[in-house]
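**Q** Would you mind keeping the following structure in view while I ask a few things?
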Amino acid sequence: MSTNSLEKLACLGGGAVRSASWPSWPRADKNTEKLLLDVLYSGRWAISGMYNGTPLFERRFSEAFAEYHSVLYCTPVVNGSAAITIALEALEIGYGDEVLVPGITWVACASAVLRVGGIPVLVDVDPDTLCMSVDAARSSITSKTKAILLVHLYCSIADIDSFLSISREFNIPIIEDCSQAHGAVFNERRVGSFGRIAVFSMQDGKVLTSGEGGAAITNDVLLYERMQQLRSDGRRYRSDPIVNQIELEEIGMVQGRNLCMSEFHAAILCDRLMHLDEENAVRNKNATYLNQSFNEIGGIKQIKFATKGFTVNTYYQYCGEVDTAIFENVNIKRICQALTSELGILFEPVDSPLNNNILYNPFLSKRLPLEEGFRSLVDPRKYKLNTAVKAAENHFTFPHRALLGSKSDIDSIVDAFLKVKRLSYQLLS
Ligand SMILES: *Cc1c(COP(=O)(O)O)cnc(C)c1O
Numbered sequence: 024m025s026t027n028s029l030e031k032l033a034c035l036g037g038g039a040v041r042s043a044s045w046p047s048w049p050r051a052d053k054n055t056e057k058l059l060l061d062v063l064y065s066g067r068w069a070i071s072g073m074y075n076g077t078p079l080f081e082r083r084f085s086e087a088f089a090e091y092h093s094v095l096y097c098t099p100v101v102n103g104s105a106a107i108t109i110a111l112e113a114l115e116i117g118y119g120d121e122v123l124v125p126g127i128t129w130v131a132c133a134s135a136v137l138r139v140g141g142i143p144v145l146v147d148v149d150p151d152t153l154c155m156s157v158d159a160a161r162s163s164i165t166s167k168t169k170a171i172l173l174v175h176l177y178c179s180i181a182d183i184d185s186f187l188s189i190s191r192e193f194n195i196p197i198i199e200d201c202s203q204a205h206g207a208v209f210n211e212r213r214v215g216s217f218g219r220i221a222v223f224s225m226q227d228g229k230v231l232t233s234g235e236g237g238a239a240i241t242n243d244v245l246l247y248e249r250m251q252q253l254r255s256d257g258r259r260y261r262s263d264p265i266v267n268q269i270e271l272e273e274i275g276m277v278q279g280r281n282l283c284m285s286e287f288h289a290a291i292l293c294d295r296l297m298h299l300d301e302e303n304a305v306r307n308k309n310a311t312y313l314n315q316s317f318n319e320i321g322g323i324k325q326i327k328f329a330t331k332g333f334t335v336n337t338y339y340q341y342c343g344e345v346d347t348a349i350f351e352n353v354n355i356k357r358i359c360q361a362l363t364s365e366l367g368i369l370f371e372p373v374d375s376p377l378n379n380n381i382l383y384n385p386f387l388s389k390r391l392p393l394e395e396g397f398r399s400l401v402d403p404r405k406y407k408l409n410t411a412v413k414a415a416e417n418h419f420t421f422p423h424r425a426l427l428g429s430k431s432d433i434d435s436i437v438d439a440f441l442k443v444k445r446l447s448y449q450l451l452s
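Put into structure tokens, the structure is as follows:
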């Protein structure tokens, strides 16, 4: 304190560790632009438009994305929430059916279950990976459990092997939610190829993005058939499309709705998918360097990639755990604010556990049957989620674009942590 009595945290008016900008996200280049212009003047912007003899970007993306995961089928949709919805409906999950959802995840995982009339059963998380806990999942299973929504969170991968054995033992399908793990690998297979269905979001912040977008992949032809129709008002692609006529034929095997991805979004994804592996590699390299630096500081560590198995993880967000004692036991929100001010990129605690999350309030929906019985079944407050609640008090996240630059970007992150650690007493008042 004596040598640096003038030094102040940026959030209290001092000079920031960093003023330089960060790598931008989302990314685009000349090819993205070219493909978008191709769509613009193609005379066809939607899969429900008239067939003009050229293959749709939507179908090209669908094929490329399925192939990328070594699975047979892919159904692109408007967003990740829609992907969860059609996955649930394809598995014939509906009124009164229970679906296991991890206690920490994006709210859409729970709200999508509600939307099909199901009951989201909140399951506590593993303290190392923050993904759904195997033991907690086991003890949450009842005769009404119809699916497990297994989310690979932030930069880790759920315990896939153990969940596959649970799935076999109880005959409950797994829907993998890979919205935060595009391109991650577990035991030499891409995540998303393990569940009966896997869903993805291509929202703006995700590592593969078209602004808004989503997809559901599967190896099961019946599930694919249903999902295809669920997202296009009960229609599917014709095998013999005729120029100047609609490429879709009316089947009506399921009650569908329109959740189709536009040609513009699909064109962007066709282009950006080609960059995914290379961008993941850059993030991995920088994160490894950051992890080493954190080890040297002590008291800060990245969450584990996975509880077991050989993995190549991806970084949707870097997520780390801090021993708040090294920051004078300051509240994690304050620590994140201080780091945000030093670095000019958003540091945040993990998503609020779903038993106490302002975005998750089933009772605000008039779609729910109002009997008391159903209300108590979906009440988030009845869950304890001890590990999730604790994790929310000592974990931080920051977005993946901070990992897309150079070593010196990572050095600035380390400098900010050191400064906030050194001056955390200033946050006490
Ligand atoms: C982003 C996300 C979603 C929702 O996707 P949207 O495209 O925003 O609808 C679902 N699950 C997880 C784990 C996510 O991160």
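Quick note, the sequence shown lines up with residues 24 to 452 if you use our numbering. All C-beta atoms, glycine included, are put in the ideal place defined by N, C-alpha and C.
In the DSSP assignment, find the unbroken beta strand (DSSP E) run with Ala221 in it and report its ends.
**A** 220-224
**Q** Excluding five sequence neighbours on each side, which residues of the same chain lie with their C-beta closer than 7 Å to the C-beta of Phe421?
**A** Gln340, Tyr341, Ile368, Leu369, Phe370
**Q** Tell me the rounded alpha-carbon separation between Gly236 and Asn281.
**A** 14 Å
**Q** Please classify Met24: does DSSP put it in a helix, a strand, or coil?
**A** Confidence at Met24 is low in this model, with a pLDDT of 43, below 50, so the placement of that residue should be treated as unreliable; the coordinate-derived value is given next. In the structure shown, Met24 sits in coil (DSSP, three-state: anything other than H, G, I, E or B).
**Q** Based on DSSP bridge pairs, tell me the residues matched to Gly237.
**A** Val100, Ser224
**Q** Pick out the complete beta strand (DSSP E) segments inside the region 316-385, 3 residues or longer, and give them in chain order.
**A** 323-325, 340-345
**Q** What span of residues does the alpha helix (DSSP H) with Leu59 cover, start to end?
**A** First-last of the alpha helix (DSSP H) with Leu59: 53-63.
**Q** Just to confirm my understanding: we take Phe193, look at its own chain, exclude 5 residues before and 5 after, and list those with CB closer than 8 Å. What are they?
**A** Ile164, Thr168
**Q** What are the residues that DSSP puts in a beta bridge with Glu121?
**A** Looking at the DSSP output, Glu121 bridges to Ile142, Thr168.
**Q** When you compare only the Cα positions, how much space is there between Tyr448 and Ser431?
**A** So the two alpha carbons sit approximately 27 Å from each other.
**Q** To the nearest angstrom, how far is it from the Cα of Cys293 to the Cα of Ser399?
**A** 44 Å
**Q** Between Gly103 and Ser202, is the Cβ-Cβ spacing less than 9 Å?
**A** yes
**Q** Residues with a Cβ closer than 6 Å to any heavy atom of ligand 1, in chain order?
**A** Asn102, Gly103, Ser104, Thr128, Trp129, Ala131, Cys132, Val174, Asp200, Ser202, Gln203, Ser224, Gln226, Gly237
**Q** Which of the three DSSP states, helix, strand or coil, is assigned to Glu202?
**A** The amino acid at residue 202 is misidentified as Glu; the sequence shows Ser. Of the three classes helix, strand and coil, the one that applies to Ser202 here is coil, per DSSP.
**Q** Please classify Asp402 as buried or exposed, where buried requires at least 16 other C-beta atoms within 10 Å of its C-beta.
**A** exposed
**Q** Taking its Cβ as the centre, do 16 or more other Cβ atoms sit within 10 Å of Phe84, making it buried, or is it exposed?
**A** buried
**Q** In or out: Val174 buried (at least 16 other Cβ within 10 Å) or exposed?
**A** buried
**Q** Are Ala133 and Leu114 closer than 9 Å when you measure CB to CB?
**A** no
**Q** Spell out a yes or no on whether the region 261-268 and the region 298-316 are touching, meaning 3 or more CB-CB pairs, one atom from each, closer than 8 Å.
**A** no
**Q** Spatial neighbours of Asn352 within its chain, please: CB distance less than 6 Å, with the 5 preceding and 5 following residues excluded, ordered by chain position.
**A** none
**Q** Return the bridge partner residues of Leu173 from the DSSP annotation.
**A** Glu199
**Q** Terminal residues of the continuous alpha helix (DSSP H) containing Glu272?
**A** Note, Glu272: premise wrong, no alpha helix (DSSP H); beta strand (DSSP E) at 271-273.
**Q** In the structure shown, what three-state DSSP assignment does Arg306 receive?
**A** If DSSP states are grouped into helix, strand and coil, Arg306 belongs with the helices.
**Q** Please identify the residue among Ile240, Thr311, Gly322 whose C-alpha is closest to the C-alpha of Ile107.
**A** Ile240
**Q** Do you know how far the Cα of Tyr260 is from the Cα of Gly428?
**A** If I take the Cα positions, the gap works out to 42 Å.
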